[in-house]
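Visitor: The structure that follows is given in the form of structure tokens.
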Amino acid sequence: MFRMFSRPLPFVALLAFCTFIPILVAAVTVVQIPTGLVPPDSMRLMVAPVWFFVHTLSGVLFGVLGPLQFARVLNRRFGRLHRITGRVFAVAGIGMGLGGLALLLRVDSVATPILDIFRGLAGAALIGALVMGIRAARRRDLPQHRAWMIRSYAIGMGTGTIALVMFPIYIITGAPLSGWLSDTVFVGWWAINIAIGEWVVQRGGARRTIPA
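Take any residue in the sequence shown, note its place counting from 1, add 1, and you have its number in my numbering.
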């Protein structure tokens with residue numbers, strides 16, 4: 002299994018596959034917000050439309066650029082492009098984190114405390130990981146830079162694969178999960194994604210020397 006994560010193409014393809022649906026939904030929402038076509042279940046977020054838009058648009062950029070940033074061929078053959086898109090990736094991640102925290106503070110929650118608390122911690126951790134990654138890049142400590150960026154992507158897109166869990170449960174039970182059970186599964190799966198990101202870092206991502 003580790004070999005799959007050490008090869009650029011399978012790793013990038015896996016990330017793109019797992020995050021395709023949430024990125025597509027977010028891209029549609031980016032268009033819906035300024036046009037006022039937000040679906041009823043998201044209308045409560047329109048109490049802070051600017052932060053809603055920032056969070057969503059940043060999420061699209063962060064999700065799309067993430068897999069590309071982890072492709073070593075981009076860094077090795079197109080270093081300048083890697084640095085430019087990397088800056089956009091970092092700014093987008095910080096925007097997504099700040100937008101999420103702002104929505105958490107301004108919008109009446111319909112979730113349980115366990116999910117709201119984890120969202121707050123994840124938003125702060127995302128911003129912190131990106132800041133650490135930027136600092137490592139400025140020091141030319143490229144292995145640590147890559148490690149922190151992998152962590153940030155795992156945190157920021159950790160909810161992207163939740164459909165892989167929720168949909169089979171819905172097919173088996175005939176009804177979606179709700180309340181504490183739903184939020185517990187949501188947080189648990191998010192934490193698993195973060196743990197996988199850390200596993201990738203510890204097993205190889207941070208130990209490899211990346212050419213400057």
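Don't be surprised by glycine CBs; every beta carbon is placed ideally from N, CA and C.
Between the beta-carbon of residue 187 and the beta-carbon of residue 102, is there less than 8 Å?
Guide: Position 186 of the sequence shown, counted from the first residue, corresponds to residue 187. Position 101 of the sequence shown, counted from the first residue, corresponds to residue 102. No, they are not a contact pair.
Visitor: By how many angstroms is the C-alpha of residue 162 removed from the C-alpha of residue 19?
Guide: Against the sequence shown, residue 19 aligns to sequence position 18. Against the sequence shown, residue 162 aligns to sequence position 161. So the two alpha carbons sit approximately 6 Å from each other.
Visitor: Kindly indicate the opening and closing residues of the alpha helix (DSSP H) around residue 112.
Guide: Here residue 112 corresponds to residue number 111 of the sequence shown, with the count starting at 1. Per DSSP, residue 112 belongs to no alpha helix (DSSP H) and is neither H nor E.
Visitor: How about residue 53 and residue 34: do their beta carbons lie closer than 8 Å?
Guide: Here residue 53 is taken as the residue at index 52 of the sequence shown, counted from 1. Here residue 34 is taken as the residue at index 33 of the sequence shown, counted from 1. Yes, Cβ-Cβ distance for residue 53 and residue 34 is below 8 Å.
Visitor: Looking at the secondary structure, which residues open and close the alpha helix (DSSP H) in which residue 184 lies?
Guide: By one-based count along the sequence shown, residue 184 stands at place 183. From DSSP, the alpha helix (DSSP H) with residue 184 extends over 180–201.
Visitor: Is DSSP giving residue 1 helix, strand or coil here?
Guide: Coverage of the chain is limited to positions 2 through 213, which leaves residue 1 absent and any answer about it impossible.
Visitor: Ordered along the chain, which non-local residues of its own chain (more than five positions away) have a Cβ less than 6 Å from that of residue 190?
Guide: Working through the sequence shown from its first residue, we reach residue 190 at position 189. Cβ within range, chain order: 163, 166.
Visitor: Over what stretch of residues does the alpha helix (DSSP H) that includes residue 167 continue unbroken?
Guide: Within the sequence shown, residue 167 is the residue found at index 166, counting from 1. Its alpha helix (DSSP H) spans residues 164–174.
Visitor: Quick check on the DSSP output: what are the complete alpha helix (DSSP H) runs of length 4 or more inside the region 47–92, in order along the chain?
Guide: Counting whole runs of 4 or more residues, the region 47–92 contains the alpha helix (DSSP H) stretches 50–70, 73–78.
Visitor: DSSP on residue 23, reduced to helix/strand/coil?
Guide: Locating residue 23 in the sequence shown gives position 22, where the first residue counts as 1. Here residue 23 sits in helix by DSSP.
Visitor: Using DSSP with H/G/I as helix, E/B as strand and the rest coil, what is residue 133?
Guide: Residue numbering aside, residue 133 sits at position 132 when the sequence shown is read from its first letter. Here residue 133 sits in helix by DSSP.
Visitor: Would residue 112 and residue 60 qualify as a contact pair, given that the criterion is a beta-carbon distance under 8 Å?
Guide: Residue mapping note: residue 112 aligns to position 111 of the sequence shown, counting from 1. Residue mapping note: residue 60 aligns to position 59 of the sequence shown, counting from 1. Their beta carbons are not under 8 Å apart, which means residue 112 does not touch residue 60 by this criterion.
Visitor: Could you compute how far the alpha carbon of residue 30 sits from the alpha carbon of residue 123?
Guide: Position 29 of the sequence shown, counted from the first residue, corresponds to residue 30. Position 122 of the sequence shown, counted from the first residue, corresponds to residue 123. One C-alpha to the other measures close to 22 Å.
Visitor: Thinking just about the alpha-carbon of each residue, which of 148, 157, 180 is nearest to the one in residue 96?
Guide: Position 95 of the sequence shown, counted from the start, is the residue given in the question as residue 96. Looking at the Cα atoms, 157 is the closest of the given residues.
Visitor: From 106, 114, 72, 88, pick the residue whose C-alpha is nearest to that of residue 180; which is it?
Guide: Taking the sequence shown and counting its residues from 1, one reaches residue 180 at position 179. Looking at the Cα atoms, 114 is the closest of the given residues.
Visitor: Residue 4 to residue 58, Cα distance in whole Å?
Guide: For the purposes of this step, residue 4 is identified with residue 3 of the sequence shown, where counting begins at 1. For the purposes of this step, residue 58 is identified with residue 57 of the sequence shown, where counting begins at 1. Any reading at residue 4 must be qualified, since the residue scores a pLDDT of 47, below 50, and its modelled position is unreliable; the value itself is stated next. In a straight line, the C-alpha of residue 4 is about 33 Å away from that of residue 58.
Visitor: According to the neighbour-count rule (16 or more other Cβ atoms, all chains shown, within 10 Å of its Cβ), is residue 147 buried or exposed?
Guide: Translated into positions along the sequence shown, residue 147 becomes position 146. Buried: at least 16 other Cβ atoms inside 10 Å.
Visitor: How many Å lie between residue 55 and residue 99 at the Cα?
Guide: Taking the first residue of the sequence shown as 1, we reach residue 55 at position 54. Taking the first residue of the sequence shown as 1, we reach residue 99 at position 98. So the two alpha carbons sit approximately 9 Å from each other.
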